[in-house]
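Student: If you use UniProt numbering, the sequence shown corresponds to residues 1 to 269, in order.
Just so you know, even glycine gets a beta-carbon here, dropped at the ideal spot from N, CA and C.
The following block contains the structure, expressed as structure tokens.
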Amino acid sequence: MSRLSRHFEALGALLLAVIWISPLVFAFWAAFHSTSDAVNFNLTSPWTLDNFRTAWEGAPWLRYFLNTFVLVTVILIGQFVVTTLAGFAFAQVRFPGRDVLFILVLMQLFILPEVLIVENYAMVSRLGLFDSILGVGMPYMASAFGIFLMRQAFKGVPIELHEAARVEGCGWFGILWRVYVPLARPTYLAYALVSVSTHWNNFLWPLIVTNSPDTRPLTVGLSIFGAPENGVDISVISAATMMTVAPLLIAFLVFQRQFVQAFLRAGIK
């Protein structure tokens, strides 16, 4: 029975994998074929790059790529600063109400970002950051998940290293920079992977807070490019979709071993 159960589990996992990857496989197929050949699954049809040329000429993709790269970089730098300081404070600094405050931070994990869209919109408008990359990234710089992750990583640092740094004359920031940050590098890498992939694919908030091609990321640009009023061509839209997801796919295929090791060392299952 146990052997049969393992076979069923393997079959179920394979089925789920096929269901999950099938839209991506179809998008890849359609991107390199004409619309009729893509829809009819004509396996003998010729492959073409015309869809990519049409898609590239139909929108300022280079600007969208630059906006997205700047956006995820700004968010990641802000998250590193905030989560490092907050995680260190919750892990090693004793102050009144620390545990209560940490619980309040963790409560953010139970609140969907969409619930805060109206308040975030009002705050960004009051700060004069509407239709700016900083305005898109600011609500995500304080991450409860990142604070929790850094706190757990810093709590695992041997106290002997902390005390040795104190004896050598290091202050709080010196101890953080010279002891805790280097030992938490796998955690930083794992969190960076989660953050970049999440905000590279984020759609709803950037759609609301951006109005011009100068600030739109790839996801918003793709939605406008594929809007019905612009004419629906499944092959051209698939080509644009492949261009949008290609950087993350290539990065995963090239660095997949480092990705897995980083998650395992960070304790993310």
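For the candidate residues I237, T210, L253, L24, whose alpha-carbon lies nearest to that of G128?
Tutor: Closest by alpha carbon: T210.
Student: Can you give me the start and stop residues for the alpha helix (DSSP H) that D99 sits inside?
Tutor: Counting along the chain, the alpha helix (DSSP H) containing D99 begins and ends at 98 to 106.
Student: Please classify S235 as buried or exposed, where buried requires at least 16 other C-beta atoms within 10 Å of its C-beta.
Tutor: With 16 or more other Cβ atoms within 10 Å, it is buried.
Student: If you count every other CB in all the chains shown that lies within 10 Å of the CB of M107, and 16 or more means buried, which is it?
Tutor: With fewer than 16 other Cβ atoms within 10 Å, it is exposed.
Student: Where does the unbroken alpha helix (DSSP H) through residue 272 begin, and where does it stop?
Tutor: Here the chain covers residues 1 to 269 and nothing more, so residue 272 does not appear.
Student: Taking the straight line between their C-alpha atoms, what separation do you get for S143 and W47?
Tutor: Using only the alpha carbons, I get a separation of about 44 angstroms.
Student: Measuring only the C-alpha atoms, how far is R63 from P247?
Tutor: Distance between the alpha carbons of R63 and P247: 15 angstroms.
Student: What does the alpha-carbon distance come out to for the pair R3 and L11?
Tutor: Computed Cα separation, rounded: 12 angstroms.
Student: Can you name, in chain order, every residue of its own chain whose Cβ lies under 7 angstroms from the Cβ of D37, other than the five neighbours on each side?
Tutor: Once the five neighbours on either side are set aside, the close Cβ partners of D37 are S45.
Student: With a threshold of 6 angstroms on Cβ separation, who are the neighbours of A86 within its own chain once the five nearest residues in sequence on each side are excluded?
Tutor: Excluding positions up to five away in sequence, the list reads I147.
Student: Considering Cα atoms alone, identify which of S197, G221, A240 is closest to residue 316.
Tutor: A question about residue 316 goes unanswered here, because the residues of the chain that appear run from 1 up to 269.
Student: Does DSSP put M141 in a helix, in a strand, or in coil?
Tutor: M141: coil per DSSP, three-state reduction.
Student: Please name the residue in R185, R126, L161, G97 whose C-alpha comes closest to that of A153.
Tutor: The candidate whose alpha carbon is nearest that of A153 is R185.
Student: With DSSP as the reference, label W29 as helix, strand or coil.
Tutor: If DSSP states are grouped into helix, strand and coil, W29 belongs with the helices.
Student: Please name the residue in G169, F102, M138 whose C-alpha comes closest to that of F145.
Tutor: Nearest option by C-alpha distance: F102.
Student: Check each candidate in A190, L71, G58, P96 and name the one with the smallest Cα separation from P217.
Tutor: It is L71 whose Cα lies nearest to the Cα of P217.
Student: Would you mind sorting L204 into buried or exposed? The rule is 16 or more other CB atoms within 10 Å of its CB.
Tutor: Exposed: under 16 other Cβ atoms inside 10 Å.
Student: Rounded to the nearest angstrom, what separates A240 and A192 at their Cα positions?
Tutor: Roughly 25 angstroms between the two C-alpha positions.
Student: Looking at L183 and V157, is the spacing between their C-beta atoms short of 8 angstroms?
Tutor: For V157 and L183, yes; Cβs fall inside 8 angstroms.
Student: So which of V105, G58, M141, N51 has the shortest CA-CA distance to N120?
Tutor: For N120, the nearest C-alpha among the options comes from M141.
Student: May I ask you to report which of helix, strand or coil DSSP gives D233?
Tutor: Coil at D233, not helix or strand.
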